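**Q** What follows is a single structure, and I will ask about it in a moment.
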Amino acid sequence: MSAPVAVTPGVQLRVVESADIAVVAGAVVAHAVRNAPEGVLGIATGRTPERLYAELARLAAGGLDCSRLTIAALDEYVGLAADDPRSYRSYVMAKIAAPLGIPAESVLMPSAGVDGARFDDVLAARGGVDLQILGIGRNGHIGFNEPGSAIDSATRVVELTASTRADNAEYFGGDADAVPTHAATQGIGTILRARHVLLLASGESKLAAVRAAIGGAVTADVPASALQTHRDVVVIADTAAAGPR
Ligand code: GLP
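All residue numbers for the sequence shown refer to the working numbering, where the first residue is 14 and numbers rise by one.
Okay, here's the thing in structure tokens:
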């Protein structure tokens, strides 16, 4: 692993082998859990953090107590039943909550049925998010904050872009038209209130988004670029996603 590089004052980039992302990120999350065992862990869905969640399950089996955490999801599709296997709640319960021993009542999901501002109030009432895990979309989205999302946006329902629906088609039998057209997502303003942020990126398909997010201007065209305004962001990326120095 190369030494972390400070990209902007609040953003550190650590470039690691793909296979090591989960272990390096797992150590960061474990540290946060030990510091705040009853705190709020913000979690992302998607392919990128799956191995991190397997690593956390391994650490939990070895004695890391995650059972008292609250976990707050970034987003959820609109129109799927909660127990639909393609819903993010199903993902969160199967890959995170169950293996970490976290009961369903400690899982917070944004949803179309809950006023977004109220979701943000619930997060605040629980003390706010201690550590927010993020992936990044090819178009630079975080959560489902698509390009154009305001930097101070709150949790709300958004329309998904065609490219995002295509990227998630594999969960819907390869049919992009079967991917819901809308989702509830934490806003960028919501995400920025987390005390610490951990963004994971893997693979060449994320290279342009990562570069624009941490090396370009802060712009609504690249929602993840808003992270440059946060004071504690760690980006863990493989060489394919981070690019040559
Ligand atoms: C998805 C999710 C995001 C995720 C991103 C990247 O659409 N809504 O929370 O971080 O897009 O997903 P992946 O890791 O599968 O590339």
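All residues carry an ideal CB built from backbone N, CA and C; glycine is no exception.
Values in this document were obtained by computation on a predicted structure and should not be read as measured data.
#1: Would you say the beta carbon of Leu-121 is closer than 7 Å to some non-hydrogen atom of the ligand GLP?
#2: Using the rule of at least 16 other Cβ atoms within 10 Å of the residue's Cβ for burial, across every protein chain shown, is Glu-68 buried or exposed?
#3: Report yes if the C-beta of Gly-148 is less than 7 Å from at least one heavy atom of the ligand GLP; otherwise report no.
#4: In three-state terms, what does DSSP make of Val-246?
#5: Going by beta carbon distance, what residues of the same chain come within less than 8 Å of Pro-22, once the five residues before and after it are set aside?
#6: State the Cα-Cα distance for the pair Asp-97 and Val-235, rounded to the nearest angstrom.
#7: My guess is that Ile-84 and Ile-56 are in contact by the Cβ rule of under 8 Å, so how many angstroms apart are they, rounded?
#8: Mind checking Thr-194: buried by the 16 CB within 10 Å criterion, or exposed?
#9: Give me the residue from Gly-129, Ala-19, Leu-72 with the minimum Cα distance to Gly-114.
#10: Between the alpha carbons of Val-91 and Ala-125, how many angstroms are there, rounded?
#11: By the three-class DSSP mapping on this structure, what secondary structure does Glu-51 have?
#12: Helix, strand or coil for Leu-220? Go by DSSP, reduced to three states.
#13: Taking 8 Å as the cut-off, does the region 199-212 touch the region 140-153 (at least 3 CB pairs, one atom from each stretch)?
#14: Can you check whether the C-beta of Leu-77 is within less than 8 Å of a C-beta belonging to chain D?
#15: Taking the runs of the alpha helix (DSSP H) that are 4 residues or longer, which of them lie wholly in the region 71-129?
#16: Taking only the alpha-carbon atoms, compute the straight-line gap between Val-170 and Asp-88 and give it to the nearest angstrom.
#17: Just the C-alpha distance for Ala-45 and Asp-78, rounded to the nearest angstrom, thanks.
#18: Within the present structure, is the beta-carbon of Gly-156 separated from the nearest heavy atom of the ligand GLP by less than 7 Å?
#19: With distances taken from CA atoms, which of Lys-219, Ala-86, Val-246 is nearest Ser-135?
#20: Report yes if the C-beta distance between Ile-227 and Val-29 is below 8 Å; otherwise report no.
#21: Under the rule that 16 or more other beta-carbon atoms within 10 Å means buried, what is Pro-257, buried or exposed?
#22: Just how far apart, CA to CA, sit Gly-153 and Gly-76?
**A** Taking the definition as stated:
#1: no
#2: buried
#3: yes
#4: strand
#5: Arg-244
#6: 31 Å
#7: 5 Å
#8: exposed
#9: Leu-72
#10: 6 Å
#11: coil
#12: helix
#13: yes
#14: Of the chains in the structure shown, none is chain D; there is only one protein chain.
#15: 101-105
#16: 9 Å
#17: 11 Å
#18: yes
#19: Per the sequence presented here, residue 135 reads as Val, with Ser not at that position. If we check each option's Cα against that of Val-135, Ala-86 comes out closest.
#20: no
#21: exposed
#22: 36 Å
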